[in-house]
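Asker:
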Amino acid sequence: MSEVELYPGRVSPLGLGTIPHADILKYTGLELLQRIVDGKYPAPPISFQLNFTLTEVSEGRAVFRGMPSERHLNPLGSVHGGWAAT
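Below you can see the structure in the form of C-alpha cells.
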C-alpha cells in the first residue's frame, strides 16, 4: 500500500499549510517543529481553528501560546478539555 499526501506542501492564503512528505523524512521531529517556529514552514491549519501558535521547542518540550474564545467553551461555559489538552 502506498502513502498518499492529501495536501503536500500546500500553503493557504492565511499562511497555514502542511510540510512536504520528503521533508518529513529528511528532518527529526524537533527539527521540523523548530522550522515551524522559525517560519521556514507554515503553521498547521489546526492552529487557526484552535487559535494557538507554537512559540518555542527544545528536546522534550514544546510551548504553545493561545487564547481560547467562545467557540472553545464546553456546555458548562469553561474551556473545553480538548482545547486545553491539545
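All the letters of the sequence shown, read from the start, carry residue numbers -7 to 78 under my numbering. C-beta atoms are modelled at their ideal positions from N, C-alpha and C, and glycine is treated no differently.
May I ask you to report which of helix, strand or coil DSSP gives residue 8?
Answerer: In the structure shown, residue 8 sits in a strand (DSSP, three-state: E or B).
Asker: Less than 8 Å between the CB atoms is what I'm expecting for residue 44 and residue 57, so what's the real figure, rounded?
Answerer: Right, their Cβ atoms sit about 6 Å apart.
Asker: Starting from the C-beta of residue 46, find all residues in its chain whose C-beta is less than 6 Å away, skip the five residues before and the five after it, and write them out in chain order.
Answerer: Taken in chain order, the residues that qualify are 28, 29, 56.
Asker: State the DSSP-derived secondary structure class of residue 58, mapped to helix, strand or coil.
Answerer: Note: residue 58 maps to strand in three-state DSSP.
Asker: Could I get the ranges of all uninterrupted alpha helix (DSSP H) runs contained in the segment 23 to 51, with 4 residues as the minimum, in chain order?
Answerer: Whole alpha helix (DSSP H) segments, 4+ residues: 37 to 42.
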